[in-house]
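So the sequences go chain by chain: A and B. Take the position in the first sequence, starting the count at 1, then add 17; the result is the number in this note's numbering. Take the position in the second sequence, starting the count at 1, then add 889; the result is the number in this note's numbering. All residues carry an ideal CB built from backbone N, CA and C; glycine is no exception. I have placed the structure first, in the form of structure tokens, so that the comments after it can refer back to it.
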Amino acid sequence: MPIREEQQFAGELRNLEAQALAGVYDHYSVAVYKYVRYRLGDDRMAEDVASEVFLSLLESLQRGSGPRTNVKGWLLATAGHIVTDHLRRAYRRPTESLDDEHPDAGRSLDDEFDRRQRSRDFQRAYQQLTHEQQHVVALRFGEGLSLEETAAITGKNVNAVKALQFRALQAIQRNIGESPHE
Amino acid sequence: MNRPEDALETAVQALAKGQSIDTALADFPHLRAELLPLLRAAAAAQQEGGAEIPVDVSRRLRMAFLDRAAELRSAGVAKPRWGMHPFPRLAMTLGLVLALALTSTGLVRASSATVPGDQLYRVKRSWEGLRLLLSVQPQIRYMLASEFEQERLDEIQELLAEGNAASIGFSGVVSLKQNGNWLVSGIPVAITGSTILPATTIVEGEPVLVFGVTQGDGVVVAERVTLLPPRAALPPLAPSMVHDDEQESQTEPPRSDSALSDGPPAYVTYQFTGIVERLGTNVWQINRQRVLVQEAAILGSIKVGSEIWFEGYYARDGTFVATRIESTTNLRHDDGRHEGQGSGGEGSGSREDSESSQDREAEEPEADP
């Protein structure tokens, strides 16, 4: 944040000032949506949950809590909790939204079919991970965050994140290998 | 590096930089058999990323978020901030003011003419924050906030005129966009490849918050631009260079460079809310800015101090010409009439109400803010 100090910005957020909130939305909505979409694999659910994340921010700010410095970290951590709750409520219902995608005009039909098949296999494998593993994979590979950023958001140390990542990728590879399409 | 977890992390980072799986594993031949399937899984995980938020979804989310924030703000007006009883808060702030007055009056006065980058600039901003905190009445708070936003524009104007570089932030309205050259409330702003812009495209007429650095060539290079909500409090219309005479201004817009001033006709409509500070025959002062009103349709009873909603356009000389002015009290009776109004239509310039500004002039004495 080049101009305003973090503390001043946090103060503006706590006062629910429109400019500060609009800035937060414009700056972080892409990251939040990307994360949620990655974890849920469904556009409609991603919209609902992303909305819930930002409304949760408002409620927290009104209570006098909410982010103090790392707004993005707070939003992604909150998104992680909300997605997990959502998945628990939904009993991990599989989604088939990938079938609704429009074909990519730049690919041949075979390539497009293969891409979708790989994507479906990955989604199935990913959905079988623990919530914690899903969280780490979404942050590292969906958001492109560093190990340190991921550790800060998950509240774990770097070595623990490395171990989680290792086990998550092992499980994905194993689950993809067990896929009927392999 | 013997631990497979560490080697995997190194290989994952190489993969993220665009290296092939084979290259990423080249440093770990002894772990290749173990890591190869994991790195393939990592590559698949990377390919699943990158879903962008659709524009319509982003707009819906943004609107829901800011609408809810507005609801919470209005619901929280009656509550003392920080859950503190008003009397202790008042006593505390009065004590603080007294302490400041005794110890630092000179400091505050000395800081009043500072600009970003000066040593005492933080004192000036802190003093502004304190004054806002002490403003109990929302109307006074609003006027003060507007005055401070105006001060931001004037500071930038001064930095640009002197060719000094400093980090700045200000609110304004985008009145012109030509390639990477924007004019935001009279300030020339350069949008570069590294400027962070919102997901949705900013169009002329939208209020924005600009963070950037002033340059020696009279332009602010934007680092980040964010959108303000459609009905945000009025950002300043342009840097003050207020002419007290009430003749229709034919002056050039302040510091607009030639590339920008040769832009498209400025008949794009803008909507604002603001506080009337002075009522003249043809010119009103709203939020410290001159607004021409002779073309305006004026609805509702308006006097000095009234909060109003108004719409209009920028004339080529940078003057704001109102086409419709309405008391917000009037609007509340008919709430929703202006909901969803976007910027960027043709300026109507129509006169829908027979009540002229001269009529009101007779009712309301001209007053300084």
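Same chain, Cβ closer than 7 Å to residue i, neighbours up to 5 away in sequence not counted
| i | result |
| --- | --- |
| Glu1255(B) | Per-residue confidence for Glu1255(B) stands at a pLDDT of 35, beneath the threshold of 50, marking its modelled position as unreliable; the derived number appears in the next sentence. Taken in chain order, the residues that qualify are Arg1167, Leu1168 and Gly1169. |
| Ser947(B) | Ala1088 and Thr1089 |
| Gly1210(B) | First, the residue type needs correcting, since residue 1210(B) is Val and not Gly in the sequence shown. Once the five neighbours on either side are set aside, the close Cβ partners of Val1210(B) are Leu1181, Glu1184, Gly1201, Tyr1202 and Ala1204. |
| Ser1056(B) | Pro1005 and Val1102 |
| Leu920(B) | Pro893 and Ala896 |
| Val175(A) | Leu164, Glu165 and Ala168 |
| Thr1217(B) | Thr1162, Glu1196, Ile1197 and Trp1198 |
| Gly938(B) | none |
| Gly1082(B) | none |
Distance between beta carbons of residue j and residue i, contact taken as under 8 Å
| i | j | result |
| --- | --- | --- |
| Trp1071(B) | Val1063(B) | 6 Å |
| Thr1003(B) | Leu1049(B) | In fact, because the Cβ distance is near 16 Å, the residues do not count as touching under 8 Å. |
| Leu927(B) | Leu897(B) | 6 Å |
| Asp43(A) | Leu1116(B) | 6 Å |
| Ser1060(B) | Gln25(A) | Their Cβ separation, rounded to whole angstroms, is 15 Å, which puts Ser1060(B) and Gln25(A) out of contact at 8 Å. |
| Glu1184(B) | Ile1164(B) | So it is not a contact: roughly 21 Å between Cβ atoms. |
One or two residues paired with residue i in a DSSP bridge
| i | result |
| --- | --- |
| Gln1174(B) | Arg1167(B) and Arg1179(B) |
| Ser1056(B) | Val1102(B) |
| Ile1187(B) | Ile1214(B) |
| Ala1262(B) | This structure cannot speak to residue 1262(B), because chain B is shown only from 890 to 1258. |
| Phe71(A) | DSSP lists no partner for Phe71(A). |
Contact set for residue i: own chain, Cβ-Cβ below 6 Å, skip 5 residues either direction
| i | result |
| --- | --- |
| Phe1100(B) | Gly1058, Glu1112 and Arg1113 |
| Ala67(A) | Val49, Tyr50 and Val53 |
| Glu1047(B) | Val1004 |
| Gly1105(B) | Gly1052 |
| Ala142(A) | Ile189, Asn192 and Ile193 |
| His103(A) | Val66 |
Collapsed DSSP secondary structure at residue i in the structure displayed
| i | result |
| --- | --- |
| Ala930(B) | helix |
| Leu1101(B) | Checking the displayed sequence, the identity of residue 1101(B) turns out to be Gly instead of Leu. DSSP places Gly1101(B) in strand when its eight states are reduced to three. |
| Gln1067(B) | strand |
| Leu1116(B) | strand |
| Val41(A) | helix |
| Thr912(B) | helix |
| Phe1199(B) | strand |
| Leu1072(B) | strand |
| Gln1160(B) | strand |
| Ala1111(B) | strand |
| Val1004(B) | coil |
| Phe917(B) | coil |
| Ser114(A) | Summary for Ser114(A): the model assigns pLDDT 47, below 50, so the residue's position carries little reliability, and this model does not support an answer. |
| Pro1096(B) | strand |
| Val1193(B) | coil |
| Gly1061(B) | strand |
| Thr1084(B) | strand |
| Asp59(A) | coil |
| Gly159(A) | helix |
| Ala940(B) | coil |
| Gly995(B) | helix |
| Arg80(A) | coil |
| Thr899(B) | helix |
| Lys179(A) | helix |
| Gln145(A) | coil |
Residues near residue i in its chain [Cβ-Cβ closer than 8 Å; skip 5 each side]
| i | result |
| --- | --- |
| Arg1144(B) | Caution is warranted here: a pLDDT of 35 is assigned to Arg1144(B), below 50, making its placement in the model unreliable, and the coordinate value is therefore given only provisionally. The residues are Gln1046, Leu1049, Ala1050, Gly1075, Ile1076, Pro1077, Gly1107 and Pro1128. |
| Val70(A) | Val49, Val53, Leu92, Thr95, Ala96 and Ile99 |
| Val1097(B) | Ser1060, Gly1061, Val1062, Val1063, Val1073, Ile1091, Val1114, Thr1115, Leu1116 and Leu1117 |
| Lys1013(B) | Val997, Ser1000, Ser1001 and Thr1003 |
| Leu1021(B) | Arg1030, Leu1033, Ala1034 and Phe1037 |
| Gly90(A) | Pro84, Glu166, Ala169 and Ile170 |
| Ala1080(B) | A quick correction: the sequence has Ile, not Ala, at residue 1080(B). The residues are Gly1069, Asn1070, Trp1071, Leu1086, Ala1111 and Val1114. |
| Leu1009(B) | Leu996, Ala999, Ser1000 and Thr1003 |
| Tyr45(A) | Val88, Lys89 and Leu92 |
beta-carbon residue i near the ligand MG non-hydrogen atom, thresh 7 Å
| i | result |
| --- | --- |
| Val1097(B) | Ligands are entirely absent from the displayed structure, and the ligand MG is therefore not among its contents. |
Short CB-CB distance (under 8 Å) between residue i and chain C
| i | result |
| --- | --- |
| Pro918(B) | Here chain C cannot be found, since the structure's protein chains are A and B. |
- Task: Please list the residues of the region 1044-1062 of chain B that have a C-beta atom closer than 7 Å to any C-beta atom in chain A, keeping them in chain order.
- Result: Ser1056, Ile1057, Gly1058 and Ser1060
- In the region 61-91 of chain A, which residues sit with their C-beta less than 9 Å from some C-beta in chain B, listed in chain order? Ala63, Glu64, Ala67, Ser68, Phe71, Leu72, Leu74, Leu75, Glu76, Leu78, Gln79 and Gly81
- Taking Cβ-Cβ distances below 8 Å as the criterion, which residues of the region 946-966 of chain B are in contact with chain A? Val946, Ser947, Arg949, Leu950, Arg951, Ala953, Phe954, Leu955, Arg957, Ala958, Ala959, Leu961, Arg962 and Gly965
- With 7 Å as the C-beta to C-beta threshold (strictly closer), list the residues of the region 925-937 of chain B near chain A in chain order. Pro926, Leu927, Arg929, Ala930, Ala931, Ala933, Ala934, Gln935 and Glu937
- Contact residues within the region 1090-1118 of chain B, judged by C-beta distance below 7 Å to chain A: Leu1098, Phe1100, Glu1112, Thr1115, Leu1116, Leu1117 and Pro1118
- Query: Residues in the region 124-144 of chain A with C-beta within 9 Å of chain B's C-beta atoms, listed in sequence order?
  - Reply: Arg132, Arg135, Ser136, Asp138, Phe139, Gln140, Ala142 and Tyr143
- Within 8 Å of chain A by C-beta, residues of the region 893-924 of chain B in sequence order: Pro893, Glu894, Asp895, Leu897, Glu898, Val901 and Ala905
- Taking Cβ-Cβ distances below 9 Å as the criterion, which residues of the region 994-1006 of chain B are in contact with chain A? Pro1005
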